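K.L.:
Sharing a structure here in structure tokens format.
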Amino acid sequence: MAPKHILILVHGTFAKNAPWIQERSFFSMNIINKLGGENLIIPFNWSGKNSYQARVDAGEELAKLLDDVCIKYSSHQKIVIGHSHGGNVICYAFKKNPNRGKDYKIITLATPFLISTIRKDKNTKYAAAVFKGIIYPMGLFFTCFMLIFLISFGIALQYKFFKPLLLVGLIPFWACGYFWEYFIEGKMMSISDAYRYYYLKAMDKRKKIDITIPTNEIEILAITFKLDEAKMLLSFSTKVTDKINLVFNHINVVIRKLFKYSEIFLFFSFLLIIVGALFESFTGIKLDILVDILVFFWTGYAAFWIYYSNVFSFTNFFNYIFSANPLFYGWKSWNHFLYIKTVPKAFPSHITRSAYVEFSINRQWSLKLIHSQIYQNDAVINVIASWIKGKITAPVAIKLAAKTKI
517 MAPKHILILV HGTFAKNAPW IQERSFFSMN IINKLGGENL IIPFNWSGKN SYQARVDAGE
577 ELAKLLDDVC IKYSSHQKIV IGHSHGGNVI CYAFKKNPNR GKDYKIITLA TPFLISTIRK
637 DKNTKYAAAV FKGIIYPMGL FFTCFMLIFL ISFGIALQYK FFKPLLLVGL IPFWACGYFW
697 EYFIEGKMMS ISDAYRYYYL KAMDKRKKID ITIPTNEIEI LAITFKLDEA KMLLSFSTKV
757 TDKINLVFNH INVVIRKLFK YSEIFLFFSF LLIIVGALFE SFTGIKLDIL VDILVFFWTG
817 YAAFWIYYSN VFSFTNFFNY IFSANPLFYG WKSWNHFLYI KTVPKAFPSH ITRSAYVEFS
877 INRQWSLKLI HSQIYQNDAV INVIASWIKG KITAPVAIKL AAKTKI
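First residue of the sequence shown? That's 517 in our numbering, and the numbers climb one at a time after it.
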């Protein structure tokens, strides 16, 4: 007998070879019994890595499977069910070909749908440089450079030809600072822009990138939990890291302003030694105080360069770690989306033909949700079966009993 329903099951993050997607699992057996008749379970296994790219790659593989199933079972009702980020894998599969919505229905279980937007960080020009490991080595380079300069400066003070050598050495030394200030920063901006425009173009968007399903022709049932710890953790972490990111941005702004002021002092010290040297040559009067002034200005400037280069390296590094949230969205996502910030939503945008079921849970046992197995819950399975049969067509709120296990 031909199967009545074709159910394709997609697991979530860190769940490769998940037992629940197998044909003889608790979920599979129960959903088949509740639907009645002959039903076919097709498990879809992917890497389960916590990475945007891993989910997109899985979406492409799933898209091929969906096409094959459509050809083989063209007249059957087909449903794709995804848990956690498995729901986003399904979204990416349908993103490639929205017309699949005519053949499939979608069910998502506790999926944090991702909406991506361009970041608004003030110092985004260093993003690519930070990831590529350029900024901090530059900080170490200038630290060594300044330490060598200070040692040479101290040795040179005891020689008569110190001032002429210093005059000759000032220009390339100052030029080195401006090389960092303009050329290096401009180079980083070019790298960052290349990242940004490449991925924006790939998404066919310029101001906002929506990586959920783009059409309202797809029927979807989104099952979520009011006090889902995973969703709450993502939301909380986003708020906290946004604040930390803002603090690092302010630190960078202050450091850059201080560095600008230090350049003013450097200019005056440079001007002072030229005027003093000319004064000595015309009058024959020695100005020993010039050496003291130079020691003060140049030692301070060198010390600030050491501070500036290292602190700026560290603050930018943590700035982009916190702004990209790689711990929650994957390190590879941080690499590929330096200008993009992912914000989890409870429901996919631009969907009208859909049902939304929210379960309320008592707090006394909701901590288990971080390792939840909602596909093991009878109430959840009943909702899925009812929706497939067409008995649920509008948003529904269901309260689970305190003893219910998930």
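All residues carry an ideal CB built from backbone N, CA and C; glycine is no exception. Computed from a predicted structure; not experimentally measured.
1) I'd like to confirm the pairing. Which residues does DSSP put opposite residue 891 in its beta bridges?
2) Taking just the CA atoms, how far does residue 561 sit from residue 533?
3) Which class does residue 555 belong to by DSSP, given the choice of helix, strand or coil?
4) Rank 591, 568, 783 by C-alpha distance to the C-alpha of residue 618 and give the top, closest one.
5) If we ignore side chains and look at the alpha-carbon of each, how far apart do residue 923 and residue 610 end up?
6) Apply the 10 Å Cβ neighbour rule to residue 906 and answer buried if 16 or more other Cβ atoms are within range, or exposed otherwise.
7) Name the two residues that bound the continuous alpha helix (DSSP H) containing residue 588.
8) Give the DSSP bridge partners of residue 538, in chain order.
9) Starting from residue 734 and walking both ways along the beta strand (DSSP E), at which residues does that stretch end?
10) From residue 874 to residue 526, what does the alpha carbon distance come to, in whole angstroms?
11) List the DSSP bridge partners of residue 522.
12) Mind reading off the beta-carbon distance from residue 521 to residue 595? Whole number of angstroms is fine, and I expect it under 8 Å.
13) Taking residue 572 as the reference, give the member of 759, 603, 756 with the closest Cα.
14) Is DSSP giving residue 530 helix, strand or coil here?
15) Tell me which same chain residues have a C-beta within less than 7 Å of the C-beta of residue 529, skipping the five on either side of it?
16) So residue 895 and residue 550 are in contact, right, with Cβ under 8 Å, and what is the actual spacing, rounded?
17) Can you tell me the Cα-Cα spacing of residue 812 and residue 798, whole angstroms?
18) When the distance is taken between beta carbons, is residue 544 closer than 7 Å to residue 535?
19) Considering only the beta carbon of each residue, do residue 559 and residue 537 sit closer than 7 Å?
20) Kindly indicate the opening and closing residues of the beta strand (DSSP E) around residue 624.
21) Here's the rule I'm using: 16 or more other beta-carbon atoms within 10 Å means buried, otherwise exposed. How should residue 756 be labelled?
22) To the nearest angstrom, how far is it from the Cα of residue 621 to the Cα of residue 568?
23) Determine the direct distance from the alpha carbon of residue 740 to that of residue 904, and round the result to whole angstroms.
24) Note down the Cα distance separating residue 760 from residue 892, rounded to an integer number of angstroms.
25) When DSSP labels each residue in this structure, what does residue 766 get in the three-state scheme?
26) Return the chain-ordered list of same chain residues with a C-beta closer than 8 Å to the C-beta of residue 581, the five sequence neighbours on each side being excluded.
27) Anyone know if the C-beta pair for residue 555 and residue 897 falls short of 7 Å?
28) For residue 805, count the other beta carbons within 10 Å of its own beta carbon; 16 or more makes it buried, fewer makes it exposed. Which is it?
29) Rounded to whole angstroms, how far is the Cβ of residue 787 from the Cβ of residue 795, which I believe are closer than 8 Å?
30) Leaving out five residues before and five after residue 575 in sequence, what residues of the same chain have Cβ atoms less than 6 Å from its Cβ?
31) Is it the case that the Cβ atoms of residue 890 and residue 625 are separated by a distance below 7 Å?
32) Given a threshold of 16 other Cβ atoms within 10 Å of its Cβ, counted over all protein chains shown, does residue 737 qualify as buried or as exposed?
33) Where residue 728 and residue 770 are concerned, what is the direct C-alpha to C-alpha distance, given to the nearest angstrom?
34) For residue 783, does the count of other Cβ atoms within 10 angstroms reach 16, so buried, or fall short, so exposed?
P.N.:
According to the structure shown:
1) Start at 1 with the first residue of the sequence shown, and residue 891 comes out as number 375. When DSSP reads this structure, residue 891 sits in no beta bridge, so it has no partner.
2) In the sequence shown, counting from the first residue as 1, residue 533 sits at position 17. In the sequence shown, counting from the first residue as 1, residue 561 sits at position 45. Roughly 6 Å separates the two Cα atoms.
3) Looking up residue 555 in the sequence shown gives position 39. Strand.
4) Here residue 618 refers to the residue found at position 102 when the sequence shown is read from its first residue. Among 591, 568, 783, the Cα nearest to that of residue 618 is on 591.
5) Because the chain spans 517 through 922 in this model, residue 923 falls outside it and cannot be assessed.
6) Translated into the one-based positions of the sequence shown, residue 906 becomes position 390. Classification of residue 906: exposed, given that the 10 Å Cβ count is below 16.
7) Taking the sequence shown and counting its residues from 1, one reaches residue 588 at position 72. From DSSP, the alpha helix (DSSP H) with residue 588 extends over 568 to 588.
8) For the purposes of this step, residue 538 is taken as the residue at position 22 of the sequence shown. In the DSSP output, where bridge partners are listed per residue, residue 538 has none listed.
9) Along the sequence shown, one-based indexing puts residue 734 at 218. Element bounds for residue 734: n/a, residue is neither H nor E.
10) To locate residue 874, count along the sequence shown from 1; it is residue 358. To locate residue 526, count along the sequence shown from 1; it is residue 10. About 20 Å.
11) Here residue 522 refers to the residue found at position 6 when the sequence shown is read from its first residue. In DSSP, residue 522 forms a bridge with 556, 594.
12) Against the sequence shown, residue 521 aligns to sequence position 5. Against the sequence shown, residue 595 aligns to sequence position 79. So it is a contact: roughly 6 Å between Cβ atoms.
13) Stepping through the sequence shown from its first residue, residue 572 is reached at position 56. Looking at the Cα atoms, 603 is the closest of the given residues.
14) Start at 1 with the first residue of the sequence shown, and residue 530 comes out as number 14. Three-state result, residue 530: coil.
15) One-based indexing of the sequence shown puts residue 529 at position 13. Closer than 7 Å at the Cβ level, and outside the excluded window around residue 529, lie 564, 566, 600, 601.
16) Mapped onto the sequence shown, residue 895 falls at position 379. Mapped onto the sequence shown, residue 550 falls at position 34. Contact flag wrong, Cβ pair sits at about 12 Å.
17) For this step, residue 812 is matched to residue 296 along the sequence shown. For this step, residue 798 is matched to residue 282 along the sequence shown. If you take the alpha carbons of residue 812 and residue 798, they lie about 25 Å apart.
18) For this step, residue 535 is matched to residue 19 along the sequence shown. For this step, residue 544 is matched to residue 28 along the sequence shown. Their beta carbons are not under 7 Å apart, which means residue 535 does not touch residue 544 by this criterion.
19) The residue labelled residue 559 in the question sits at position 43 within the sequence shown. The residue labelled residue 537 in the question sits at position 21 within the sequence shown. Against a cut-off of 7 Å, the Cβ pair of residue 537 and residue 559 comes out as a contact.
20) Position 108 of the sequence shown, counted from the first residue, corresponds to residue 624. From DSSP, the beta strand (DSSP E) with residue 624 extends over 620 to 625.
21) On the sequence shown, residue 756 is found 240 positions in, with the first residue counted as 1. Answer is exposed; the Cβ neighbour count stays below 16.
22) Walking along the sequence shown from the start, residue 621 turns up at place 105. Walking along the sequence shown from the start, residue 568 turns up at place 52. The straight-line gap from Cα to Cα measures roughly 23 Å.
23) For the purposes of this step, residue 904 is taken as the residue at position 388 of the sequence shown. For the purposes of this step, residue 740 is taken as the residue at position 224 of the sequence shown. Taking the straight line joining both Cα atoms gives about 17 Å.
24) For the purposes of this step, residue 760 is identified with residue 244 of the sequence shown, where counting begins at 1. For the purposes of this step, residue 892 is identified with residue 376 of the sequence shown, where counting begins at 1. CA-CA distance, residue 760 to residue 892, rounds to 38 Å.
25) Your numbering for residue 766 matches position 250 in the sequence shown. In this structure, residue 766 counts as helix in the three-state DSSP scheme.
26) By 1-based counting over the sequence shown, the position of residue 581 is 65. Cβ neighbours of residue 581 beyond the five flanking positions: 524, 558, 560.
27) Sequence index remark: in the sequence shown, residue 555 carries index 39 (1-based). Sequence index remark: in the sequence shown, residue 897 carries index 381 (1-based). It is not a contact, given that the beta carbons lie outside the stated cut-off.
28) In the sequence shown, the residue the question calls residue 805 occupies position 289. Around the C-beta of residue 805, fewer than 16 other C-beta atoms lie within 10 Å, and the residue is accordingly described as exposed.
29) Within the sequence shown, numbered from 1, the residue matching residue 787 stands at position 271. Within the sequence shown, numbered from 1, the residue matching residue 795 stands at position 279. Actually they do not touch by this definition, with Cβ atoms about 12 Å apart.
30) The count along the sequence shown starts at 1 and reaches residue 575 at position 59. For residue 575, where only same-chain residues beyond five positions count, the Cβ hits under 6 Å are 605, 608, 609.
31) As a working mapping, residue 890 is identified with position 374 in the sequence shown. As a working mapping, residue 625 is identified with position 109 in the sequence shown. The answer is yes: Cβ separation under 7 Å.
32) As a first step, residue 737 must be located in the sequence shown, where it is residue number 221. Flag for residue 737 reads buried.
33) If you number the sequence shown from 1, residue 728 lands on position 212. If you number the sequence shown from 1, residue 770 lands on position 254. Residue placement at residue 728 is flagged as unreliable, the pLDDT there being 45, under the threshold of 50; the coordinate-derived value follows with that caveat. Near 39 Å, if we compare the C-alpha coordinates of residue 770 and residue 728.
34) Within the sequence shown, the letter at position 267 stands for residue 783. Exposure of residue 783 is indicated by the presence of fewer than 16 other C-beta atoms within 10 angstroms of its C-beta.
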